[in-house]
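Protein chains in written order, with this note's numbering: chain A, 1 to 279; chain B, 280 to 550; chain C, 551 to 946.
Notes follow the structure.
Printed below as a string of C-alpha cells:
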C-alpha cells in the first residue's frame, strides 16, 4: 500500500513536470519548432530582453495582479470582520453570494462581466470602456472570495477572550483591534493575498472576456500568439518566471522553517524559565 | 458591534454590482431575441439541439474527476503521511508549483509532446515504429483536463488527510482491521469533505473549458465551453451564448449542491 | 492605524505605476488587423508600424483577429475604441448596411490616387465612401507534395478525400467554409437559397470526420510542421508558408474559387479619426504598400506600388494569376440578414454535429444512479444510528 502510494506520487510528479521540462528545453533550442532539437543557444533569452512589447505585457500582468490582490485583500478583510459580527441568517446570505464566483464556471463569470461592461459602456457613453479598469474590477471580483474564505476560518479560530485580555491590560479598543485581532488573523490575510495574486497572474478566461485592445495581460496575448506559431522567446520568459517562483518559494520555506525553529527554541527557553521559577 | 458590521458594506455593494447584476444581465440576454430584443424562450429551447455537447462535456469532466481522484488520493495520502513536516511542505510545493505557469503554455507543451509530428511520435519513429494517434481524441482532452486540474484535487485532499488523527488508524489496527478495512472504514469516510471539494474544484473548470478542447481535441471534440466562447467571440449571438451560460451555471450549481449533500451530516455518520 | 497608512501609500504607489498610456491621452491609433497581415520587421523586411510612428509620431496600438466574424463580434460587443480595421469585401458591405463604418475624409488620404481603377467603385462600396483597398487575393488549396498524390489534386474534392483523413484542415468561419462547398456543388458563392445552403451543410457534415480541425491562423504552424497536409487558405499566406516549407504547393481548384479584396475602414467606435486616416494614407503610399506586400505575398491593388517590389514577387502566377484563372474566381457580396443568420446557425450545426453519443448517456446515468443510491443508503444509516442512540439514551 505504502509502496504503491509512493510509486503513484512519483508518477504524478513526473506527469506534472514533463511539460515544464519540454518548455524549458525548448527555450534553449536554436530552431523554432518545439518538437525538434536543433542545437543549444541562449539567443531566445537575449531576444526576450530586447522585446519591449513582451516585457510591457509582463509588467501589465504584474500591475493588475498586485493591485487586484491588494484591493481584494483590503476589501475582503474588512468584509470578513463585518460578516463575522453579523447574525447567522444574514451571514449565510452573504456567504452564499460569496460562493457564486467561486463555484461559477470562469467562462460564465467572464461572459457576465463582459455583458455588464458593454451595457455600462453604452449607458455611460464611454466608447473604450474595456481596458485597465474593467480588468482590475474583474480581477478584484474573482479574488474577493479567496480572501474571505481564508480570513473567515482564522476569525472563527480566534479566542474571543484575547481582545478582552488586551483591553484589560490597558489597550484602547482601537489598539486591541490592531494589535490583537489583525495580528491574530494575519496568516489568513497573507495567504488570501498570495492566493489572489497567483490567481490573478495566471487568469486567462476572465481576462479574455473583459480586456480591451488598450490593456492586455500576458496570458491573453499568449492566447492570440498560439493561433500563430508561438515565438520561442515566450518559452524563455516562462522558464525564467518558473525559476524566479521556485526560488521565492524555496526562500519562503527556508524562512518559515527558521522561524518555526526559533519559536520552538523560544518556547523551550520560556518553559525552562517558568519551570525554574516554579522550583 | 454595529460599526463592525458596516465594514462589510463596501464588499456587499461590490458583490451586488459585479456579481449579482451581471448574472441578472445574463438572464435578461438569455430570454431576449438577438435582433428585435423582444422577450422570447427560443434561446432556451434552442439549447435542446446541443444536448449531445452538454452530455459530452459533463461526461469528459466526470471522467477527469474520477482519474484525478484515483491518482490524487494516493498522492495526497503519501504526502500527508510523511513523518517530517519539511518533506510534506516540499512535496506540497512541488504539486503547487506547476500551477504558477500559464496553463495555456502547459497545454501547448502537451500538444508538442503528443502531436503526430510531436516529441513522442518523433521518438517512436526513430525507433522504427508506427506513430500513435495520441492527440485529437477524447483521451487527449481528458489528459489535458487531468493535467491542468490535478493539483486542485490533491491540495484539498491533502489538507483533510493531514488532519486525520493518526491514533484513529492505530486504534483500528489494534482492533484487528487490515489495511483495506482501515482505509474503507477510517480514512475514506474522514476524507469525504476533501473529496467533495476536490471533485468540485476539478469538475467546474473541466466542464466549462474551451482552451483544452481546442488545442488537444479535434473537429469532433467541441465542448460546451467552445460553443459559448464562439457565441461571444466569433459568431456574434450573445443571446444564445447567455442562454447556454445560464444552463451551464444552473447545471454546475445543481451538481455542487448534490455533491455537498454527501458531506452534510458526515460527522454524524462517523460517530 | 500605521498599517492602514502604509497600505494606502502602497496602493497609491501602485496606482502611479499604471502605464501612462492607459490614462493620459497620447497621440495614438488602434489598428485591428488580420494575424500575419503586415510586415513586422522580420527577415529584414520593413516594420510598417514602426515606420509609421517614426514618420508621424503617432503610436500604433496593433491588435489582430483571425476572421471577419471575429472582427464583427468584437465591434458588435462594443466597449472598445478601434480606429482602423481591415475587413474583407462582404464584411465591409455588411458593416455599411448596419451603419458600423464612418465615411472617410479622402482629402486626408491623398495616396488613394495611386489605387488602380479596377479596385475602385467596387460592389461592396459602390460609391467609394468607406474603404481604401489594402490587398486582393484568391482562395485555393494548399497541400504538401510530399504526402499528397499529384493526381488527387485539382478539385475541391481533395478536401473530401478519405485517403487523407485527419490530415485535412478546414476554414473556421462560415463564409469561407460554405464557399468551398458552394464551389464544389456548383452553386453561386452568394446563394441565399435555403435548400442550397442546407445541401452545403450536409456536405460539410460529411467532411467532418476527415477534418483534423477547424482553424484559421493555426494553419501556418500545422502546415509548416507537416502536422496537416491539406488546407484551403488564402494565396498570399501560401506564399509566406512556402518560405518555411518548400514542399507546400498551391492549386486553384477547377470548380472556381473566391476572389476577395481586403480594405481599410474606420469603424464608428473610432476616437482618433485623423490619426486613423493618416495611418490609412501611410499604408497605401506606393513605397510602403510595395514593401509591405512584398513581404506579405498578397496581391497589391496599385501598379505604382509594384515599382517598389521585387519583380520576382510581382511575376508570381499565384499572387497574380492569368486572366483565364481569374475568370473562374467569384467575389462575395453581402448576404441578407436572414441568410447570414441561417448560415451562422447552420455553421454552428456543422461544428456541434456529432449527435448524442451513447457512452456519455450511460456513463452519466450510472453516476447519477450511484449518487442516489449512496445518498439514500447514507440517510438510512444516519437514521438508524440516531434511532439506536436514542434507544441507548432511553435505556440509560
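No residue lacks a Cβ here, since even glycine has one placed at the ideal position from N, Cα and C.
Just so you know, these numbers come straight off a predicted model, no measurement behind them.
Proximity test, Cβ basis, 8 Å: residue 127(A) and chain C: yes
Beta-carbon of residue 151(A) versus every beta-carbon of chain B: anything under 8 Å? Chain B contact via Cβ: absent.
Straight-line gap, residue 700(C) to residue 693(C) (C-alpha atoms, nearest Å): 10 Å
Would a C-beta distance cut-off of 8 Å place residue 840(C) and residue 855(C) closer than the cut-off? yes
Give the straight-line distance between the Cα atoms of residue 200(A) and residue 138(A), rounded to the nearest whole angstrom. Taking the CA atoms as reference points, residue 200(A) sits about 10 Å from residue 138(A).
Chain-ordered neighbours of residue 223(A) on chain B, where CB pairs are closer than 9 Å: What residue 223(A) touches in chain B: 383, 490.
Given a threshold of 16 other Cβ atoms within 10 Å of its Cβ, counted over all protein chains shown, does residue 941(C) qualify as buried or as exposed? exposed
Residue 589(C) - partner residues in DSSP beta bridges: Residue 589(C) pairs with nothing; no bridge assigned.
Less than 8 Å between C-beta atoms, sequence neighbours within five positions excluded: which residues of the same chain meet that for residue 325(B)? 519, 522
Would residue 110(A) be called buried (16 or more neighbouring beta carbons within 10 Å of its own) or exposed? buried
Just curious, the alpha helix (DSSP H) that residue 600(C) is in, first and last residue? 598–606
For residue 574(C), which three-state DSSP category applies? For residue 574(C), the pLDDT reaches just 47, beneath the cut-off of 50, and the residue's location in the model is therefore unreliable, leaving the point undetermined.
Cβ shell of residue 842(C) (< 6 Å), same chain only, five flanking positions each side left out: 589, 598
What are the start and end residues of the alpha helix (DSSP H) that includes residue 483(B)? 471–486
Would residue 531(B) pass as a contact of residue 101(A) if the rule is Cβ separation under 8 Å? no
Quick one: measure Cβ to Cβ for residue 513(B) and residue 620(C), integer angstroms, because I've assumed they're closer than 8 Å. 5 Å
Examine the Cβ distances between the region 848–867 of chain C and the region 817–830 of chain C and report whether three or more of them are shorter than 8 Å. no
From what residue to what residue does the alpha helix (DSSP H) around residue 208(A) run? 205–210
Residues near residue 294(B) in its chain [Cβ-Cβ closer than 7 Å; skip 5 each side]: If we look at residue 294(B) and ignore the five residues flanking it on each side, it has no Cβ neighbours.
Excluding the 5 residues preceding and the 5 following residue 774(C) in the sequence, name in chain order all residues of the same chain whose CB lies nearer than 7 Å to its CB. 791, 794, 795
For a contact meaning CB atoms closer than 7 Å, what does residue 886(C) contact in chain B? Chain B residues near residue 886(C): none, gap ~13 Å exceeds 7 Å.
Starting from residue 940(C), trace the beta strand (DSSP E) both ways and give me its first and last residue. Note, residue 940(C): premise wrong, no beta strand (DSSP E); alpha helix (DSSP H) at 908–945.
Would residue 940(C) pass as an interface residue toward chain B - the criterion being a Cβ-Cβ separation below 8 Å? no
Residue 645(C), DSSP secondary structure in three states: helix
Assign residue 186(A) to one of two classes, buried (16 or more other C-beta atoms within 10 Å of its C-beta) or exposed (fewer than that). exposed
Between the region 9–23 of chain A and the region 372–390 of chain B, do three or more beta carbon pairs fall short of 8 Å? Three or more Cβ pairs drawn from the region 9–23 of chain A and the region 372–390 of chain B lie within less than 8 Å of each other, which places the two stretches in contact.
Have a look at the DSSP bridge pairing and note the partners of residue 813(C). 683(C)
So, for residue 933(C): in the same chain, excluding its five sequence neighbours on each side, which residues have a beta-carbon less than 6 Å away from its beta-carbon? none
I'd like to confirm the pairing. Which residues does DSSP put opposite residue 782(C) in its beta bridges? 691(C)
Top-ranked residue by Cα proximity to residue 499(B), from 900(C), 924(C), 630(C): 900(C)
So is residue 611(C) in contact with chain A if we call contact Cβ pairs under 8 Å? yes
Under a CB-based cut-off of 8 Å, is residue 551(B) close to chain C? No answer is possible for residue 551(B): it lies beyond the span of chain B, which begins at 280 and ends at 550.
Which residues of chain B have a Cβ atom closer than 9 Å to the Cβ of residue 921(C), listed in chain order? 537, 538, 540, 541
Closer than 8 Å, CB to CB, is residue 629(C) near chain B or not? no
Interface flag, residue 51(A) vs chain C, CB-CB below 8 Å: no
By a C-beta neighbour count over all protein chains shown, 10 Å radius and 16 as the cutoff for buried, is residue 539(B) buried or exposed? exposed
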